[in-house]
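Q: Sending over a structure as C-alpha cells; questions will come in a sec.
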Amino acid sequence: MTRLDFQRWALTLGALLVPALTQAAPVAPAPRDATGITAADVAASNAKVSAAFGDLVTTWGSAFADIGARFAQPDLVRYRGAVRTACGVMRGGNAGYCIRDNTVYYDDVFVASQAKAAAQRLGTDGDMAAVGVIAHEMGHAVAMQLGHMWRTSYRNEAVADCLAGAFARSADQRGLLERGDVDEAFYGMASAGDPTPQLTGDDRVDRVILVRAAAMGHGTEEQRVGNFRQGLQGGAGACLAEFR
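When the letters of the sequence shown are read in order and numbered with mature numbering (1 follows the signal peptide of the UniProt record, and there is no 0), they come out as residues -24 to -1, 1 to 220.
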C-alpha cells in the first residue's frame, strides 16, 4: 500500500487511523499462478469465509454484551481488482476494514490464494490462513468500535492480530478448530510480515528507522505471529483492557 493509500485509509473522525491491512508485504503471499487458483478454490474459500464471518459476528457480539456494550455488525464485501469505499479506493490483492461504512472488504482471489499457499506449504486444507485475514479485519472493527485508534500503524495492527488470535482461542474452546488450523493461521500472519528493520549501529539513524517502521508497518513475521499467539493463549483480555 502506497503512502497516499495509507493516508486515504488513515484519516477519519478527526483522528489518525491506520489501514486495516497493508498490501505488498515483503514476505508476500505465493503468486496466483504458483498456487494455481481455480474458480472452485475461490468458491470454497468464499464459503468458508462467509461461515467464519458469521461466527466472528456472534463471538464479538457476545463479548461486547458481556462488557455492557453493543457490537455493530460490519458488512462483508468481496471484490476483485479494486473497489471504491467510503475510506477511498482499495486495490486488489488486499483486505481492509473501513470504519466510515463499517465494512470489511476483501479480494476473494487474494484470500483464496492465502489458503492455497498455506495448504501447499503445510499439507493441510489451508482454510485458517484465509479466515485469519478476515479475523484480523474484524479485530480492527472491534478495537475501533471500542474507541481504540492509535497513531502508529504497528500498534493498531498488533491489536488486530491479537484479537484474531483471541477469536481462534474461542473457536478452539468450542471445538471448531481442526488439526493444523493454528499452523495455518501462523503461516498467514508470517506471510504478510514486514521485513526486519535493517539497523545501522548509529543510534540516531536507527531510532528514525524504528519510528518509521512503527508508523507504517504491520510488524515483522515474528511480531505478527507473537501478537496472534498472545490472543490465542490469553483471549481478548490479553489484547484490550475492556475484556479483562
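A virtual CB, placed ideally from N, CA and C, is assigned to each residue, including glycine.
Model, not experiment: these values are computed from the prediction.
Ignore the nearest five residues each way along the sequence and tell me which others in Met104's own chain have a CB closer than 6 Å to its CB.
A: Counting only Cβ-Cβ distances below 6 Å, and skipping sequence neighbours, we find Asp157, Glu160 and Ala161.
Q: Find the nearest neighbour of Gly164 within the set Asp179, Asn203, Arg131 and Thr61, judged by alpha-carbon distance.
A: Nearest of Asp179, Asn203, Arg131 and Thr61 to Gly164, Cα basis: Asn203.
Q: Does the stretch 96 to 113 come within contact of the stretch 127 to 140, defined as at least 3 CB pairs closer than 8 Å?
A: Output reads yes: the stretch 127 to 140 touches the stretch 96 to 113.
Q: Can you grab the Cα-Cα spacing for the pair Asp51 / Asp179, in whole Å?
A: Taking the straight line joining both Cα atoms gives about 45 Å.
Q: Is DSSP giving Cys63 helix, strand or coil here?
A: Coil, per DSSP.
Q: If I'm right that Val118 touches Val25 with Cβ under 8 Å, what's the distance once you round it to whole angstroms?
A: The Cβ separation is near 18 Å, so there is no contact.
Q: Would you kindly report the start and end of the unbroken beta strand (DSSP E) that includes Gly202?
A: Segment Glu197 to Gly210 is the alpha helix (DSSP H) holding Gly202; no beta strand (DSSP E) there.
Q: Going by the CB atoms, is the gap between Thr35 and Ser146 shorter than 8 Å?
A: Contact: yes.
Q: If we define contact as Cβ-Cβ less than 8 Å, is His194 a contact residue for chain B?
A: Looking at the structure shown, chain B is missing, and only one protein chain is on hand.
Q: I need the DSSP call for Ala119, collapsed to helix, strand or coil.
A: Ala119 falls in the helix class under three-state DSSP.
Q: Assess contact between the stretch 86 to 94 and the stretch 33 to 48, defined as three or more Cβ pairs (one per stretch) separated by less than 8 Å. Is contact present?
A: As far as the Cβ criterion goes, the stretch 86 to 94 does not touch the stretch 33 to 48, which means the pair count is below three.
Q: Name the two residues that bound the continuous beta strand (DSSP E) containing Arg54.
A: Here the beta strand (DSSP E) through Arg54 covers Asp51 to Tyr55.
Q: Could you name the residues that DSSP lists as bridge partners for Thr34?
A: According to DSSP, Thr34 bridges with nothing at all.
Q: Taking 8 Å as the cut-off, decide whether the C-beta atoms of Leu208 and Ala144 are in contact.
A: Cβ atoms of Leu208 and Ala144: closer than 8 Å.
Q: Which residues in the same chain as Arg56 place their Cβ atom closer than 7 Å to its Cβ, once the five residues preceding and following it in sequence are excluded?
A: Gly68, Asp83, Asp84 and Val85.
Q: Ignore the nearest five residues each way along the sequence and tell me which others in Phe40's own chain have a CB closer than 7 Å to its CB.
A: Excluding sequence neighbours, Phe40 sits near Arg46 and Phe47.
Q: From the DSSP output, in three-state form, read off residue 225 for me.
A: Coverage of the chain is limited to positions -24 through 220, which leaves residue 225 absent and any answer about it impossible.
Q: Would you report the Cα separation of Thr128 and Ala136, rounded to the nearest angstrom?
A: Computed Cα separation, rounded: 13 Å.
Q: Can you check whether the CB of Val53 is closer than 8 Å to the CB of Thr14?
A: No.
Q: Pick from Ala217, Asn22, Gly151 and Ala71: whose alpha carbon is nearest that of His124?
A: Of the listed residues, the one whose Cα sits closest to His124 is Ala217.
Q: Opposite Ala58 in the DSSP bridges: which residues?
A: DSSP, once it has assigned bridges, lists Arg67 as partnering Ala58.
Q: Less than 8 Å separating the beta-carbons of Ala93 and Ser167?
A: In this structure, Ser167 lies closer than 8 Å to Ala93 by Cβ.
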